[in-house]
Each structure stands twice: as structure tokens, then as C-alpha cells.
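J.: I have a structure I would like to understand better, so I am pasting it below and will then ask my questions one at a time.
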Amino acid sequence: MITPFEWLILVTICLNCIALGVYTPYPGGDSNDTNLVLEKIEYVFLVIFTLECIMKILAYGFIAHQSAYLRSAWNLLDFIIVVIGLISTVVQQISAEGIDVKALRAFRVLRPLRLVSGVPSLQVVLNSIIKAMVPLLHIALLVIFVIVIYAIIGLELFVGRMHRTCFNNITNEMMKEPMLCGGEYQCHDIDESPDPYVCREYYEGPNDGITNFDNFGLAMLTVFQCVTNEGWTDVLYYINDSVGNSWPWIYFISLIILGSFFVMNLVLGVLSGEFSKEREKAKARGDFHKLREKQQIEEDLRGYLDWITQAEDIDPDDKDTVGGGGGGSGGVGGGVGGNRGRERGRKKQ
125 MITPFEWLIL VTICLNCIAL GVYTPYPGGD SNDTNLVLEK IEYVFLVIFT
175 LECIMKILAY GFIAHQSAYL RSAWNLLDFI IVVIGLISTV VQQISAEGID
225 VKALRAFRVL RPLRLVSGVP SLQVVLNSII KAMVPLLHIA LLVIFVIVIY
275 AIIGLELFVG RMHRTCFNNI TNEMMKEPML CGGEYQCHDI DESPDPYVCR
325 EYYEGPNDGI TNFDNFGLAM LTVFQCVTNE GWTDVLYYIN DSVGNSWPWI
375 YFISLIILGS FFVMNLVLGV LSGEFSKERE KAKARGDFHK LREKQQIEED
425 LRGYLDWITQ AEDIDPDDKD TVGGGGGGSG GVGGGVGGNR GRERGRKKQ
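Position one of the sequence shown corresponds to residue 125 (this note's numbering), numbered consecutively onward.
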């Protein structure tokens, strides 16, 4: 349950994010009226965040005990952001001596991160990503293994096949829009000139010679492009034009199924699993805190009722004690009166 104070801080953070987005930096120290107003509002945000930090330190303690302010990673992030903001403000006030504060002011972009510390759902997402780092490393190793295997296969099948294009057999000029040839595409289909065209090498290749299987490094880069589903059909068409379309599709379709649909979706599976675990932990943690609060309220109420019961039991005893004391005093007074009467009778005799 978010308290009104936490809502105030979240609204302040959102307004600060809007102010950071509206602010327009100018070269040479120039500015405009909007920037001047935003710089004044920046002090208001800094005061609010500083007061929040001080109040939490007074409430939780600084660092000594287990539940102290800095023992929480999210509070530590907030504290660092506030300290950097205070330092940049102080340095800006003494910048007349030639101190450049642009580098320190750049740390203001960290303030939107405070939304993570204020919104539990964002904490769950970020914790899920952090917890998934080790499984994601294992998946990354698997992806690298698949890329290496297919890069080696591509070297064996397509080395040197992506440097042939059509040249004019008379002028020895390359066609205006070079296309790979020798496979599905043939040079006799060109209508640019009545002169015959022939398929020759000495073409650097597609994408300025980057997309090819001439060496292991470029082969891995080409396979990685295919695994990301970014332009993999273009690479397939290049190979079809230079080799033919009878069998290269087997290489690329198997690469997409294994390297993209299967391995890359493992990343989503791992993140989804970790997110489910963190969500269950957050739910259990919230239920535990609610149970603790309920038990604390019940204990306080039980102690209050016991105190009232004890007070009611004490009142009749006090009255009886006072009454008994009065009766005892009366008995003592009667005894004293009887003794005096007997002494007077003896004197008369």
C-alpha cells in the first residue's frame, strides 16, 4: 500500500522527469527563458528529495542496524542521487572560478531511476533481470556455440561466392546496380546495353563487402545478422543469386529455427520464469508484512484489554481494605472506652 507521502514523492519524480525532458541545452553557455525557469524549479525538486532523505534517515537510522536507511539497495541509490545533486548545486554556485559543472549536471538523468525505488512492480522487474543474469549467460554461450557452428558450415559452403557480378564484356564496366551472379541470376538477363555481360569476380560484395563468408569473423557476423532476423532473407537471396536456390534454403531455414526461434526464445522463457519467482516472493513478502502488522495490532489490543481487566480487579480490593481498616479502628476505640469506665468505678469504691 503506497502512503500519501510516497505518492507525493512519485509525483515529484514524474514532474522532475518532465522538466528534464523539456530542458534544452545550448552550446556556449547560452540559454532561454524556459531553461531559466526550469533551473529555478530544479532547486525545489532538490529540496524535496533532500528532505525525504533526511526524514527517512531520522526514521530508520543511517547505517548502524539491520533495518537502517542505507542497508537497502534502493535507498542507497536514492541517497547517491541526492548527494550528487547537492554536490553539483554547490559546485555550480562556485563555478565563477572556472569550474565546469556540465559533467556533474549530467548525473541528473539518474533521477528517473528513483521511480524504481518507489514502485514495487518496477522493483520486481529489475530484480528479475538481475536474477536472470546467470541463466542468460548460459544461453549466450549456447547462442555463440550455434553461431560458431553455422559460421564454419558457411565457410565450407559459400566461401568466395559473394564477389561475382556482371561486367560489360566490351567496356569492362560493372552493372549500375550490382547483383550477385552465377547461380539463379544470370548476366544475359540484363537489358542495360546491347553489349553482352559476363559474370566475373572483383566485386567487393553486398553491404560494402561486410556480408560474406570469406573468413571466420565475417561469417560469424553474417550468421549473427541472420539469427537476429534482421535482413536474413536478403542474405538468402544473395546466396541464391550466386549459388542457386536448390539447397541453400536448408542452411538458412535451419539456422532461423534453431538460432532464432528456439535459442532466442529461451531468453524470454528465462526472464518470464524469474519474473514469476520474484512476483511470488513479493506477494509472499507483502502477505508476511500484513500478517505481522495484524499480529502486532492483536498483541497491542490484547495487552490493552489485560490492563483494563487488571484495573477492574484492583478497585474492589482497595475498597475492602479501606472498610476493614475502619472496622479495626472502631474496635480499638471501643476497647479503650471500656478500660476507662472500669478505672472510674474503682475510684468511686
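In this text, a Cβ means the ideal position worked out from N, Cα and C, and glycines have one as well.
Since this is a predicted model, take the numbers as computed values, not measurements.
In this structure, how does DSSP classify R288 when only helix, strand and coil are distinguished?
T.: Working through the sequence shown from its first residue, we reach residue 288 at position 164. Three-state result, R288: coil.
J.: Taking the C-alpha atoms as reference points, what is the distance between D202 and Y326?
T.: Locating residue 202 in the sequence shown gives position 78, where the first residue counts as 1. Locating residue 326 in the sequence shown gives position 202, where the first residue counts as 1. Each residue's alpha carbon lies about 60 Å from the other.
J.: Check each candidate in L279, Y274, Q310, P320 and name the one with the smallest Cα separation from N292.
T.: Within the sequence shown, the letter at position 168 stands for residue 292. Among L279, Y274, Q310, P320, the Cα nearest to that of N292 is on P320.
J.: Report yes if the C-beta distance between G242 and L342 is below 7 Å; otherwise report no.
T.: Taking the sequence shown and counting its residues from 1, one reaches residue 242 at position 118. Taking the sequence shown and counting its residues from 1, one reaches residue 342 at position 218. No, the Cβ-Cβ distance between G242 and L342 is not below 7 Å.
J.: Taking just the CA atoms, how far does L175 sit from A188?
T.: Here the question's residue 188 lines up with position 64 in the sequence shown. Here the question's residue 175 lines up with position 51 in the sequence shown. Taking the straight line from one Cα to the other gives about 21 Å.
J.: To which residues of the same chain is N353 closer than 6 Å at the C-beta, ignoring the five residues directly before and after it?
T.: Your numbering for residue 353 matches position 229 in the sequence shown. Correct list, in chain order: S384.
J.: Start and end of the alpha helix (DSSP H) containing Y184?
T.: Reading the sequence shown from its first residue, position 60 is the one you call residue 184. Counting along the chain, the alpha helix (DSSP H) containing Y184 begins and ends at 157-184.
J.: Tell me whether the beta-carbon of C305 lies closer than 7 Å to the beta-carbon of R288.
T.: Along the sequence shown, one-based indexing puts residue 305 at 181. Along the sequence shown, one-based indexing puts residue 288 at 164. Yes, Cβ-Cβ distance for C305 and R288 is below 7 Å.
J.: When you compare only the Cα positions, how much space is there between L429 and D437?
T.: Reading the sequence shown from its first residue, position 305 is the one you call residue 429. Reading the sequence shown from its first residue, position 313 is the one you call residue 437. Going by the C-alpha atoms only, they are around 12 Å apart.
J.: For L395, I'd like the list of residues in its chain whose CB is within less than 6 Å of its CB, leaving aside the five on either flank, ordered along the chain.
T.: As a position in the sequence shown, residue 395 is number 271, starting the count at 1. Within the same chain, L395 has close Cβ partners A256.
J.: Using the three-state DSSP reduction, which class does T193 fall into: helix, strand or coil?
T.: Stepping through the sequence shown from its first residue, residue 193 is reached at position 69. Checking the sequence, you will find Tyr at residue 193 rather than Thr. Of the three classes helix, strand and coil, the one that applies to Y193 here is helix, per DSSP.
J.: Taking the alpha helix (DSSP H) that R238 belongs to, which residues open and close that run?
T.: Position 114 of the sequence shown, counted from the start, is the residue given in the question as residue 238. R238 -> alpha helix (DSSP H) spans 238-242.
J.: Going by the CB atoms, is the gap between M286 and G108 shorter than 7 Å?
T.: Only positions 125 to 473 of the chain appear in this structure, which leaves residue 108 out of reach.
J.: F340 and V283 - do their beta-carbons sit closer together than 7 Å?
T.: Within the sequence shown, the letter at position 159 stands for residue 283. Within the sequence shown, the letter at position 216 stands for residue 340. Going by C-beta atoms, V283 is not nearer than 7 Å to F340.
J.: Of the choices L390, F173, Q247, S155, whose alpha-carbon is the least far from that of E402?
T.: If you number the sequence shown from 1, residue 402 lands on position 278. For the residues L390, F173, Q247, S155, the minimum Cα distance to E402 belongs to Q247.
J.: Assuming N140 contacts R235 under a Cβ cut-off of 8 Å, what Cβ separation, rounded to an integer in Å, is found between them?
T.: Position 16 of the sequence shown, counted from the first residue, corresponds to residue 140. Position 111 of the sequence shown, counted from the first residue, corresponds to residue 235. Indeed they touch by this definition, with Cβ atoms about 5 Å apart.
J.: What separation, rounded to the nearest whole angstrom, lies between the Cα atoms of T158 and P128?
T.: On the sequence shown, position 34 is the one that residue 158 refers to. On the sequence shown, position 4 is the one that residue 128 refers to. Each residue's alpha carbon lies about 30 Å from the other.
J.: Apply the 10 Å Cβ neighbour rule to C350 and answer buried if 16 or more other Cβ atoms are within range, or exposed otherwise.
T.: Along the sequence shown, one-based indexing puts residue 350 at 226. Result: buried.
J.: Could I get the ranges of all uninterrupted alpha helix (DSSP H) runs contained in the stretch 302-377, with 4 residues as the minimum, in chain order?
T.: Fully enclosed alpha helix (DSSP H) runs of 4 or longer: 330-333, 340-351, 356-367.
J.: Write down the C-beta distance between F399 and S252 rounded to the nearest angstrom, noting that I regard them as a contact closer than 8 Å.
T.: Locating residue 399 in the sequence shown gives position 275, where the first residue counts as 1. Locating residue 252 in the sequence shown gives position 128, where the first residue counts as 1. Yes, they are in contact, since the Cβ atoms of F399 and S252 sit about 4 Å apart, within 8 Å.
J.: Can you look up M298 in the DSSP assignment and give me helix, strand or coil?
T.: What you label residue 298 is simply residue 174 of the sequence shown in a count that begins at 1. Reduced to three states, the DSSP call for M298 is strand.
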